[in-house]
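What follows is a short report on a single structure.
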Amino acid sequence: VADHNDPNAVNSIFSDIDVSAADVYDLFGFPVRDESGEECVVVALTFAAVPEAGTFDVDMLYRIKLTAGRRLVRPSLDDRSLGTILAYVDAVKDKYLAGTGAAEIRVRVDESGEATVHFYDFPAGSFSRTLPTNEVVSVDAPGGHRLRAFLGGRDDAFFNDLPGFFRSINYAPQFYNVPQSLPELRELPIPKTLLELEGNELFNYDPADPEHGYTVKHDLPPGPYTWQGEGYRRDANGNFRFVYSGRDAQAGRNVNALIFELPLRFVTEAPDDDRVVSTWAESWVLKAANKIETIPDDPFWLEHPRTLLDTFRLDDELKRYKLVDTVGQPFADAGLSEREDKRQLGANNFWLAPHFVRRLAHLGWGFGPSISALGLETAFDHDDAPVSVHKTYHSAALALPRIRKTLFQELKLPEDSWNPRGLDIPLRRTFEVFIPNVCAIDMDTTGTWPFGRRLEDQVATRFLSIFLDMDAPGYHLEFLNDQALWDAAPVEPKTPPNPLRNDTEFLEEFPYLAEPW
Amino acid sequence: VVNAEPAAASDYHSELARLEADLAAAGPAPGDAAAATELAGRHYARAALTATPEAFTSATATIGALAERFDGWPDLAVLEAMLHVRLHRLGAARGALGRVPGVSESPRGRALRADVALQDGLFDEARALLEPLVADGCEWDDLARLAHLEATLGRDDAADALYARAEDELTAKQLRSYAWVELQRARLDLSSARFDEAEAHCGRAAAAYSGWWLVDEQLGRLRVAEGRPAEALEAYERAHARTSRPELEQAIGDVCTSLGRHDQAARSYDSARGAYLESAGRREPQYLHHLAELAATRGDGDEAVRWARRDRELRGGPATIAALAWAFCIAGEPEQAAAHIDEALATGAFDAGLRARAGAIYRAAGREADADRLAARPAELALGH
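This is the structure in structure tokens:
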């Protein structure tokens with residue numbers, strides 16, 4: 001009679017190896033002209049440099065999916081109801097639901113460093129190539145197309161004060177050793193804010209411990225983890241304390257990257273009409289059963305909830321892998337999906353629309369009042385709250401009135417350089433950017449966020465800007481990147497939230513991301 | 518046919534060497550709770566990997582001291598509870614989980630409470646804890662726990678399906694866990710005399726994680742059931758060469774007995790008993806049922822009853838009650854034995870080992886109809902303890 005069969009016998013926590021190479025970081029996408037002048041789209045997926053920059057984890061499989069189409073006909077600017085969003089979702093979901101024609105680039109790298117790259121469902125057909133890693137290679141594709149690829153180690157192109165963002169949302173694991181057994185102690189129930197809260201000792205900057213949250217972590221002290229203060233923290237001069245430092249926390253870091261330059265004619269048969277290339281990416285890890293080649297595939301993947309939407313199109317290769325992470329829009333995961341595994345749906349995040357509304361309202365109650373305290377205009381309706389509020393919603397309908405303007409306002413850019421040919425291209429609105437969770441590259445623009453994502457875009461600060469009131473004079477997505485704004489603001493340190501440029505120069509030509517450190 | 522010979526640098530040996538090196542490099546006094554958890558986790562991992570009394574004793578001392586020093590740190594309480602569960606210290610496991618606010622209700626805490634409930638024969642409680650966990654997170658180990666519950670209740674097909682789902686959640690980074698689940702599936706097949714299927718599961722386990730004594734131990738059981746005692750002895754001896762578990766010596770004694778090597782069997786039994794007694798002398802509960810089983814195997818019914826009673830005072834699960842029943846049966850008190858086996862079956866447990874034992878006890882007590890109703894299969898009877 002056995003009673004040693006509980007999984008404690010194999011130590012099921014505290015020892016399992018993280019699938020770090022599955023942690024996809026960023027997806028960049030922008031239009032370029034190649035050496036012959038042909039219109040191309042560049043797509044760059046970056047992820048953790050594990051085992052090291054330039055060396056890939058052989059158990060991983062990466063997918064970059066692409067679909068090209070016309071610009072969506074969107075709802076009227078005057079129609080700002082929840083029904084509008086849901087109708088929008090209904091209208092676009094078929095376009096992105098798996099199995100409806102997205103092309104795919106699938107990459108695996110073996111122990112020798114050779115990559116097997118499958119190109120599936122492109123207009124010229126499907127084909128495969130074996131490519132070397134860590135060098136720029138040209139790929140002759142069916143139909144006479146010439147692509148370029150780089151698969152290897154690079155500098156991390158993300159430049160960002162990530163600890164500042166995590167300070168703003170009271171995300172404990174950045175600052176503290178948080179018990180693995182209590183996952184609810186990650187994002188603590190303290191108001192989110194751009195300005196430090198008086199008495200928020202857990203997260204406020206301590207000059208005696210300046211590296212806390214950057215290179216230093218402490219044990220999470222005992223609770224309570226709520227905040228009972230009444231205002232923002234001020235110094236002797238009456239200045240607020242900014243949660244951001246402007247410091248580049250990613251400086252000197254490397255990534256592994258899959259970078260492709262694809263002629264638009266290769267992506268779509270109608271390049272003159274299909275002017276928006278939407279792309280998203282996924283990481284998959286080999287299942288244990290399939291690491292052992294003798295084992296036949298198991299049918300139980302059918303019950304796997306995270307792959308439910310893909311159930312009827314998983315091919316034989318993909319059935320051998322397990323979906324781990326997805327990337328489309330920056331901050332769609334960390335900011336809006338709360339980094340939950342169950343919400344790793346990639347482009348298929350339509351069912352998250354109500355969650356998205358609730359989460360944005362929750363963030364708004366935190367960020368909105370702190371924007372107002374700085375004397376800036378916010379699109380979030382916080383009833384003139386004097387200080388940030390920790391508020392959660394169970395109903396999207398209740399949350400929507402607060403977040404209506406934030407969701408529906410057009411995200412302005414400071415000038416027209418994003419639209420070099422002066423075409424009639426509508427500005428994007430928040431809900432269009434994040435649902436579906438794809439990087440939608442408008443080929444008639446420069447591809448600057450949110451019309452794609454260029455390497456030099458400071459997307460973290462632009463994400464914050466969606467809480468600004470874009471109708472206020474002079475407000476736009478780059479507004480918070482203006483040093484003069486901060487010089488005049490009652491805040492310390494006087495810096496834009498995030499660094500304005502990367503720690504090293506990007507390259508002028510393919511593969512654009514800089515050499516690894 | 519599985520050949521589980523150890524590779525020159527097997528997965529088991531490599532992992533154990535890494536753990537030993539990490540433990541040797543770790544300072545004696547971690548500076549914070551996270552470092553303490555890491556150290557405690559490695560001690561636990563070494564104990565779980567080797568499953569020797571010495572490793573468990575060392576882990577118990579270290580984890581206890583660290584939990585005391587970093588009082589209130591949830592992960593250390595969890596590790597302490599895991600260790601207690603593994604060693605059948607059910608009250609201590611409940612105590613560890615309840616000591617730190619929030620831990621008992623956390624997903625990990627609920628899983629461990631389910632383990633405790635399962636060992637205690639509280640199957641409804643275990644199910645009520647596990648099913649929401651599986652619905653919420655679908656973690657492989659929660660699926661495996663639920664599978665174990667189904668197997669205990671005699672629902673082998675449901676158990677195997679759950680184990681298969683657990684495997685589907687495991688990745689190439691978790692091959693030891695995968696191998697472990699394969700061995701659980703082998704165990705299920707073995708209990709239904711599906712020897713080929715059991716062999717295949719053992720083969721997959723060996724391919725996933727080479728050099729593991731647990732695979733050889735399972736192979737030993739399989740060979741016994743197949744009536745191949747010489748090969749069983751080889752498998753058990755291979756396993757024992759890698760880890761000095763007294764249970765393996767007991768198994769070697771069993772096989773030697775069936776091979777007619779009574780002197781070797783006696784030496785193995787004595788060695789196992791010595792280790793069990795040392796543990797019992799430290800007031801540890803984990804080998805009490807082994808002492809009872811061993812005494813029963815050697816025909817010493819009174820000693821078997823004495824140890825089984827001590828175990829029964831600490832735990833109320835069907836395995837404990839069945840061990841007491843068997844001890845009474847060997848002691849020549851079949852009616853007492855039958856009464857206890859009635860009690861074990863009344864918990865709802867109905868796994869193959871329990872059915873086999875219950876059948877034998879009912880026959881000894883003259884309750885032929887009850888024995889026929891259980892209709893144990895040959896392989897189950899061959900499984901022994």
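So the sequence lines, in the order shown, correspond to chains A and B. Residue 344 in the numbering used here sits at position 344 of the first sequence, with consecutive numbering throughout. Residue 521 in the numbering used here sits at position 4 of the second sequence, with consecutive numbering throughout. All C-beta atoms in this analysis are idealised placements derived from N, C-alpha and C, irrespective of residue type, glycine included.
Asked, Found
"Local Cβ density within 10 Å of Ser128/A, reported as buried at 16 or more and exposed below that", "exposed"
"Same chain, Cβ closer than 8 Å to Asp235/A, five either side skipped, listed in chain order", "Arg241, Glu492"
"Cβ pair Phe406/A, Phe380/A closer than 9 Å", "One detail in the question is off: residue 406/A reads as Thr in this sequence, not Phe. Yes. Within cutoff."
"Proximity test, Cβ basis, 9 Å: Glu184/A and chain B", "yes"
"is_contact[Ile292/A, chain B] using C-beta, thresh 9 Å", "yes"
"Chain B within 9 Å of His218/A, Cβ atoms only", "yes"
"Against chain C: residues of the segment 688-716 of chain B by CB proximity under 8 Å", "No chain C is part of this structure, whose protein chains are labelled A and B."
"Nonlocal neighbours in the same chain, by C-beta distance under 6 Å from Glu743/B, ignoring five residues either side", "Phe712"
"Residue-level contact to chain B via CB, Ala489/A, 9 Å cutoff", "no"
"Min CB distance Arg603/B to chain A below 9 Å", "yes"
"Within-9 Å CB hit, His665/B to chain A", "yes"
"CA nearest to the CA of Tyr225/A, picked from Leu185/A, Glu211/A, Gln250/A", "Leu185/A"
"Against chain A: residues of the segment 574-597 of chain B by CB proximity under 9 Å", "Phe587, Gly589, Trp590, Pro591, Asp592, Leu593, Ala594, Val595, Leu596"
"Among Tyr695/B, Asp706/B, Val741/B, nearest to Arg721/B - alpha-carbon criterion", "Tyr695/B"
"Selected residue, minimal CA-CA separation from Ala141/A, among Phe463/A, Pro132/A, Arg154/A, Ser126/A", "Ser126/A"
"Chain-order list of residues whose beta-carbon lies under 6 Å from that of Leu750/B (same chain, five-residue window excluded)", "Val772"
"Residue nearest to Asn237/A in terms of C-alpha spacing, selected from Leu513/A, Asn502/A, Ala489/A", "Ala489/A"
"Nearest-angstrom Cβ-Cβ length linking Ala48/A and Ala21/A, presumed shorter than 8 Å", "6 Å"
"Leu195/A, DSSP secondary structure in three states", "strand"
"CB of Leu264/A within 9 Å of CB of Glu38/A, strictly", "yes"
"Through-space distance from Gly199/A to Asp209/A, alpha-carbon basis", "16 Å"
"Residues near Arg611/B in its chain [Cβ-Cβ closer than 7 Å; skip 5 each side]", "Val633"
"Per-residue DSSP class, three states only, for Asn254/A", "strand"
"Interfacial residues, the segment 36-57 of chain A to chain B, with Cβ spacing under 7 Å", "none"
"Below-9 Å beta-carbon distance, Leu318/A vs any chain B residue", "no"
"Assigned secondary structure, Gly833/B (DSSP; H/G/I helix, E/B strand, else coil)", "coil"
"Chain B contact residues for Pro222/A, given Cβ-Cβ distances below 8 Å", "Gly589"
"Entirely enclosed alpha helix (DSSP H) segments - the segment 772-822 of chain B, minimum 4 residues", "779-798, 805-814"
"Cβ pair Tyr793/B, Tyr804/B closer than 9 Å", "yes"
"Selection from Val438/A, Asn437/A, Pro436/A, Asp442/A that minimises the alpha carbon distance to Leu427/A", "Asp442/A"
"Other residues of its chain near Gly101/A: CB distance less than 8 Å, five sequence neighbours each side excluded", "Thr67, Asp121"
"Closer than 9 Å at the beta carbon, the chain B residues around Pro520/A", "This structure cannot speak to residue 520/A, because chain A is shown only from 1 to 517."
"Contact check, Trp418/A vs Phe451/A, beta carbons under 9 Å", "yes"
"Closer than 9 Å to chain B by CB, Glu181/A", "Rather than Glu, the amino acid found at residue 181/A in this sequence is Ser. It does: the Cβ of Ser181/A has a partner Cβ on chain B nearer than 9 Å."
"Buried versus exposed call for His902/B [16 or more other C-beta atoms within 10 Å across all chains shown]", "Residue confidence for His902/B is low, a pLDDT of 35 falling below 50, so the modelled location carries little weight; the figure read from the coordinates is stated next. That one is buried."
"Cβ neighbour criterion (16 or more within 10 Å) applied to His212/A", "buried"
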